[in-house]
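Using my numbering, the letters of the sequence shown map in sequence onto residues 246 to 361. Beta carbons: idealized from backbone N, C-alpha and C, even for Gly. Here is the structure we will look at, set down as structure tokens.
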Amino acid sequence: MIKWTCQYCGEDTTRVDIDYLVNTDHLSCVLKAESQTLANEFDHCILCGVETPYKRSTHIDMRIGYIEGAGQLCSKCYNQGSNNRHFTVPDWLVENTPNDQELGGKVREIYWESKN
Ligand SMILES: [Zn+2]
Ligand SMILES: [Zn+2]
């Protein structure tokens with residue numbers, strides 16, 4: 246009879262119930278290894294997809310460029326985002342301009358005005 250061993254903990258799994266095995270490894274050992282691998286993976290930038298310096302296990306308080314509810318940004322995207330200039334479109338303009346194209350024109354006007 247072939248002896249089974251768990252490749253993670255090295256224990257004999259020959260007599261372990263098949264429900265608790267993945268091939269010849271303990272299911273629990275496989276799951277533990279998987280969650281460790283996952284925790285050691287680096288997060289990718291949600292905008293451009295590059296690998297960030299932060300692991301998935303890194304607490305968000307220790308990160309720069311993490312946007313709650315969205316995810317991690319790389320430093321490049323984060324800097325671009327925070328340098329973004331904003332201009333304000335008043336409520337009344339949106340409410341009183343039912344035509345989207347017209348509204349777009351007016352918004353653009355405000356945009357150029359905000360550049361001056
Ligand atoms: Zn094991
Ligand atoms: Zn990025």
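Roughly how many angstroms lie between the CA atoms of residue i and residue j, to the nearest whole one?
i	j	result
E340	V352	13 Å
I263	W249	11 Å
Y253	E296	28 Å
T333	I355	8 Å
R308	Y299	7 Å
L197	G350	No answer is possible for residue 197: it lies beyond the span of the chain, which begins at 246 and ends at 361.
C319	I247	50 Å
P343	G316	35 Å
E286	R301	6 Å
T259	E279	22 Å
G326	Y311	12 Å
H304	L348	43 Å
W357	N324	23 Å
Q269	L276	Looking at the sequence provided, one finds Thr at residue 269 rather than Gln. Going from the Cα of T269 to the Cα of L276 covers about 14 Å.
Per DSSP, residue i forms a beta bridge with which residues?
i	result
I312	G316
T250	D257
H289	E296
With H, G and I counted as helix, E and B as strand and the rest as coil, what does DSSP make of residue i?
i	result
V352	helix
V261	coil
V267	strand
N344	coil
In the DSSP assignment, find the alpha helix (DSSP H) that holds residue i and state where it starts and stops.
i	result
T282	272 to 285
L338	336 to 340
Mind checking which residues open and close the beta strand (DSSP E) that includes residue i?
i	result
E296	296 to 300
Would you verify that the beta carbon of residue i is, or is not, closer than 8 Å to some beta carbon of chain B?
i	result
T258	Included in the structure is just one protein chain, with no chain B present.
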